[in-house]
Every structure is written in C-alpha cells, then in structure tokens.
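In the working numbering, the protein residues as written are 16 to 545.
The structure is reproduced here in structure tokens:
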C-alpha cells in the first residue's frame with residue numbers, strides 16, 4: 016500500500032465513498048498514505064511527519080511527546096486494513112482511466128495502467144500518449160515513423176514523405192492523367208458535334224456536355240492550385256479562441272504545412288467560445304460567442320493581407336447576442352443562422368447583415384424549428400442548415416436538414432441525416448455539405464464523416480476520423496479536409512489533435528497537434544501576406 020513517490024496523503028475526492036475522518040493525516044488532513052504513528056497513537060503520513068521532524072523540533076505535533084523517525088511505529092492492523100479496502104481512482108484519471116481499485120492494489124494497477132503516460136520511441140518524436148495508444152501511434156500516427164516507399168522500396172520518415180521524389184512524381188502523374196481524361200472527353204464531344212449537325216437537339220445536348228466538361232476542368236485546376244498553395248505554405252490555417260477545459264480563450268494560432276508546426280498569432284480582443292467565423296476578402300471575421308459569463312453580439316476582424324497582424328473591432332454587429340450560431344459569407348453580406356441566447360432561448364431566424372455601411376440587418380426567413388450548435392454552409396447559392404439542437408440540451412439534437420434559397424427567398428426541408436447530431440463541424444465540397452464528428456442525443460461523441468448531396472439528399476459515408484470529436488473546427492483546401500481540436504464526452508478529453516483526409520486516398524492522417532487544447536473554436540484558411 017505504501018506509495019513514497021510524492022509528498023502528503025491522498026486527496027479525498029479520489030475515493031468512491033466518503034472517508035472516515037479517523038483515516039486522515041493529522042498534518043496534511045488528507046487520507047493517510049504510508050501511515051505511521053507516535054507512541055500516543057496519533058496517525059500521520061510518513062512523508063508528512065518526516066518533514067515535520069526535520070523542519071521543527073523532534074516532538075509529535077499533536078501531543079508534544081518526544082519523537083524521532085526511529086520511534087515511529089506502524090499503526091494497528093485494523094487501520095491499515097480499513098485503508099487498504101478503500102476504493103480509489105487511478106492516478107491517471109486525468110488521462111482518461113475510469114477505474115476504481117482497492118487502495119491495497121493501487122500500485123499494481125498504476126504500474127500496468129493503459130492510461131499511464133508513455134513517450135514514443137521513434138527517433139525525433141516527443142509525443143507523450145497513453146500506454147494503450149503507443150502501439151497504434153508508433154505504427155500508424157507518428158510523424159517520425161518509418162515507412163517503405165511502394166515505388167523504390169526506400170525507407171523514409173513519414174513526416175518528410177510528401178517531399179519524397181516518388182510521392183511527388185505520383186501526385187503529378189495522377190493530376191496529369193485526370194486532366195488528360197477530361198481533355199480527351201472534350202475532344203470527343205467536339206468531334207461528335209461535327210458528325211451530328213443535322214440533329215439540332217443532339218447538338219444542344221453535346222454543347223451542354225462540353226460546358227460541363229470545361230467546368231470540371233476548371234474545378235480540377237482550382238483544386239490542384241489550392242492543394243499546392245497549402246503544401247508550399249502560401250495558405251495557412253488560423254484557429255481562433257475556444258475552450259481548453261479551464262477557461263475560454265482569446266488566443267489564435269496558425270498552421271503551416273512545410274514546417275508542420277503551429278505558431279501563435281496576435282490574440283483576439285475578447286475571449287470567445289461557441290462563436291462563428293467566416294472570410295470576406297483578406298479578412299477573418301469572428302462573431303458572437305460566450306466568454307464564460309454571457310454571450311455577445313460583437314464582431315472583430317483580422318486582415319491577413321497586412322504586414323502587422325492586429326485584431327480590430329468591427330462596426331458590424333449581430334442582431335442578437337448569442338452563441339452556438341453559424342455565420343457564412345455571401346457576396347458583401349453575412350448570413351446568420353440560429354443561436355442560443357443567455358436566457359436559454361434558441362433562435363429560428365436566418366438574418367442577412369450588410370458588411371458595407373450602414374451595416375443594416377434584416378430577417379430573411381424563419382426556419383421550421385429553432386437551431387443552435389448546428390452545421391451551416393453555402394452550397395450553390397443555398398444556405399444549408401444541418402442537425403443541431405432546438406434547446407441547450409443534447410437530448411434535443413435533430414437530424415433535420417433545412418435549405419434557404421437566396422435566389423427565390425424560399426426555405427425548404429430536405430431529406431434527413433442518418434442520425435441526430437449536434438456540435439458538428441462542416442465544409443462544402445462539389446455541391447455537398449460534409450459533416451465531421453459531433454455528438455448525438457445520447458451524449459455519445461462521434462467519429463463519423465457524412466457527405467450529403469444538396470441536390471438529391473443522398474448520403475455517402477466517408478472514412479471515420481481517427482479520434483472521436485465534437486465541437487471541433489474544420490477547413491477544406493482543394494480536396495483535403497482538416498479536422499481540428501474538439502471534445503470527447505465519453506473520456507472528458509479536450510483535444511489539441513489535428514488530422515486530415517485526402518479525398519484521393521481516403522485515409523485520415525495526423526498532423527502536428529496545436530499548442531493549446533481547444534473545443535468550440537473556429538478555423539479559417541487563407542493566404543497571409545508574402
């Protein structure tokens with residue numbers, strides 16, 4: 016039972032049941048650890064009384080009886096047996112271990128606990144993880160693990176595999192192949208048009224096909240450009256605010272792919288969690304959110320096109336103070352959907368806010384139900400609202416999908432999601448909204464990734480995340496999705512992990528973790544000044 020590697024007794028909060036005051040150390044007032052007694056049966060932790068005797072007179076602090084380390088004796092067996100039978104939490108509870116064990120067996124459990132901190136053994140890696148995660152981390156997730164190139168058979172470090180000649184050649188070959196296929200399709204269509212000139216309807220169909228193919232070529236080119244900008248460091252991810260489990264944050268950090276590292280940026284003027292952000296021009300707009308006491312309606316901006324980065328209070332404000340809302344940008348306006356106010360009311364409004372003076376706002380429509388902690392994207396001039404809650408309680412999570420058409424001012428209900436979900440991160444991709452992670456009505460954190468086709472309502476399940484995460488942030492560049500931070504309800508874990516999915520390979524891979532654990536943060540990706 017003795018545990019001599021730390022000073023003082025056990026915190027009473029670690030025990031399953033209330034502990035009798037008779038089992039407390041008379042010095043530190045905690046539950047006895049490695050107990051000893053004076054001749055008059057006053058009980059102390061061994062570390063407490065040793066320190067007391069060294070720093071003060073050689074007397075018992077309770078009865079003033081002359082006392083030395085040599086005259087300390089073991090307490091009665093009935094006391095040690097009572098202590099040994101107490102049910103205590105594992106030392107690694109804060110790392111996720113849920114176990115209660117008898118104090119008698121605590122050392123044995125801690126020494127073999129799967130949640131004990133363990134350092135990666137791959138050279139160059141300084142990641143510390145739970146013991147049960149070590150094998151998978153070293154085999155599948157570590158940036159410094161060695162992999163064998165399929166092309167040349169050479170062993171390379173995974174972190175530098177993106178710049179390995181075989182990988183670069185394969186990426187370029189694949190892009191060239193896709194472009195060649197599209198160009199050949201265009202040639203075939205043009206050839207068919209010259210053959211069927213006598214059939215007007217058929218010619219029209221071919222013309223439409225040519226147009227579609229040209230659009231596809233443009234999309235592929237843009238997709239490749241965006242991916243290249245990220246890989247070369249021309250684009251950065253900015254992550255703003257959130258909650259680290261202890262406090263709400265105003266800190267901001269950015270990620271650069273070439274260095275695979277995070278850098279602290281100037282902090283926002285206000286702490287914010289459960290806020291929303293969007294990009295307009297070269298500026299990141301951050302709106303609303305909760306500071307731990309109340310929600311607000313303020314908006315501040317960061318212009319990444321300027322040499323000196325500094326957050327500025329915007330003259331634009333939201334029409335209501337809320338958190339758990341979503342804002343997206345459309346032309347020179349911001350679209351606000353839903354939100355939870357301090358009095359517990361959830362908004363059903365979709366608002367338009369002008370980003371140009373005089374910054375007026377107006378209600379565009381009302382959704383069939385109120386929404387907070389939902390997903391929201393603009394897809395083909397339509398505002399998509401997916402999932403979310405009708406109150407601040409998880410039991411009220413929904414699977415419904417609403418769409419507001421900005422062209423004809425019409426709000427409709429689309430086919431539902433496969434399950435109720437809130438706290439979900441979203442990105443848009445080729446006419447789809449992609450929903451990442453989240454939590455269901457049973458407070459089960461999810462690692463699912465759902466692709467929802469806005470036109471048809473059809474659903475495709477993409478590969479699951481490596482980590483369950485809700486209230487995470489997400490961005491997309493080209494066809495690469497990046498999921499950032501979040502929270503796991505089941506393990507009560509705040510995350511700083513970052514992972515990405517290349518839709519060409521359909522495998523989630525790990526990036527360097529953020530400097531700070533963040534849930535309910537926002538993320539934006541854009542080009543800083545060169």
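Yeah, the Cβ is synthetic: ideal placement off N, Cα and C, and Gly gets one too.
If you're wondering where the values come from, they're calculated on a predicted model, not measured in any experiment.
Delimiting residues of the beta strand (DSSP E) encompassing residue i
i, result
"residue 315", "314–318"
"residue 263", "263–271"
"residue 516", "508–517"
"residue 99", "From DSSP, residue 99 is part of no beta strand (DSSP E) but of the alpha helix (DSSP H) over 92–100."
"residue 426", "425–429"
"residue 477", "474–477"
"residue 344", "341–345"
"residue 558", "Examination of residue 558 is not possible in this model, given that the chain is present from 16 through 545 alone."
"residue 499", "495–503"
"residue 50", "50–52"
"residue 22", "Element bounds for residue 22: n/a, residue is neither H nor E."
"residue 524", "522–526"
Closer than 7 Å: residue i CB and nearest the ligand MN heavy atom
i, result
"residue 481", "With respect to the ligand MN, the structure offers nothing, as it holds no ligand at all."
Span of the alpha helix (DSSP H), counted from its first residue to its last, around residue i
i, result
"residue 123", "121–127"
"residue 66", "61–70"
Supposed close pair residue i, residue j - CB separation, criterion 8 Å
i, j, result
"residue 428", "residue 417", "6 Å"
"residue 260", "residue 290", "Between residue 290 and residue 260 the Cβ distance is about 17 Å, and since that is not below 8 Å, they are no contact."
"residue 89", "residue 51", "7 Å"
"residue 306", "residue 285", "6 Å"
"residue 235", "residue 193", "6 Å"
Sequence-distant residues of the same chain with beta carbon closer than 8 Å to residue i, five excluded per side
i, result
"residue 223", "Reliability fails at residue 223, whose pLDDT of 49 lies under 50, so the model's placement of it is uncertain and the value that follows must be treated cautiously. Within the same chain, residue 223 has no close Cβ partners at all."
"residue 226", "Because residue 226 sits at a pLDDT of 48, beneath the cut-off of 50, its placement in the model cannot be relied upon, and the following sentence gives the value as read from the coordinates. Excluding positions up to five away in sequence, the list is empty."
"residue 111", "130, 145, 506, 507, 508"
"residue 77", "41, 53, 55, 57"
"residue 478", "464, 516, 521, 522, 523"
"residue 152", "135, 142, 144"
"residue 527", "158, 270, 275, 276, 277, 513"
"residue 238", "493, 494"
"residue 245", "272, 492, 493, 495, 540"
"residue 414", "402, 431, 432, 433, 434, 435, 436"
Under 8 Å between C-beta atoms of residue i and residue j
i, j, result
"residue 432", "residue 441", "no"
"residue 354", "residue 338", "yes"
"residue 357", "residue 335", "no"
"residue 361", "residue 382", "no"
"residue 172", "residue 185", "no"
"residue 485", "residue 454", "yes"
"residue 398", "residue 343", "yes"
"residue 539", "residue 490", "yes"
"residue 516", "residue 532", "no"
"residue 446", "residue 394", "yes"
"residue 437", "residue 388", "yes"
"residue 105", "residue 135", "no"
"residue 170", "residue 163", "yes"
"residue 392", "residue 448", "yes"
"residue 514", "residue 461", "no"
"residue 488", "residue 536", "yes"
"residue 541", "residue 297", "yes"
"residue 292", "residue 301", "yes"
"residue 411", "residue 386", "no"
"residue 332", "residue 350", "no"
"residue 370", "residue 295", "yes"
"residue 422", "residue 396", "yes"
"residue 530", "residue 502", "no"
"residue 94", "residue 30", "no"
Cutoff 7 Å; reference residue i; Cβ partners in own chain excluding five residues on either side
i, result
"residue 139", "159"
"residue 25", "45, 46, 48, 103"
"residue 324", "280, 281, 317"
"residue 472", "429, 430"
"residue 475", "466"
"residue 406", "361"
"residue 359", "407"
"residue 43", "23, 24, 60, 63"
"residue 81", "73, 74"
"residue 176", "162, 182"
"residue 190", "239"
Cβ shell of residue i (< 6 Å), same chain only, five flanking positions each side left out
i, result
"residue 215", "Note that residue 215 scores 49 on pLDDT, short of 50, meaning its location in the model is unreliable; the coordinates nonetheless yield the value given after this. Nothing meets the Cβ criterion."
"residue 458", "409, 504"
"residue 132", "143"
"residue 365", "352, 379, 380, 419"
Any C-beta of chain D under 8 Å from that of residue i
i, result
"residue 160", "In the structure shown, chain D cannot be found, because there is only a single protein chain."
(message) List, from N- to C-terminal side, the beta strand (DSSP E) runs of 3 residues or more that fit wholly inside the stretch 428–460.
(response) Here the runs fully enclosed are 440–444, 447–451.
(request) Only counting runs of 3 or more residues, tell me where the beta strand (DSSP E) segments fall wholly within the stretch 126–193, in order along the chain. (result) Runs found: 132–134, 143–145, 161–163, 170–172.
(request) Could you tell me which uninterrupted beta strand (DSSP E) segments, each at least 3 residues in length, are contained entirely in the stretch 345–388, listed from first to last along the chain? (result) As for any beta strand (DSSP E) of minimum length 3 sitting wholly inside the stretch 345–388, the runs are 348–352, 364–369, 376–381, ordered along the chain.
(message) Give the list of continuous beta strand (DSSP E) stretches no shorter than 3 residues that lie fully inside the stretch 237–307.
(response) List check, beta strand (DSSP E) in window: 251–258, 263–271, 276–280, 291–295, 298–302.
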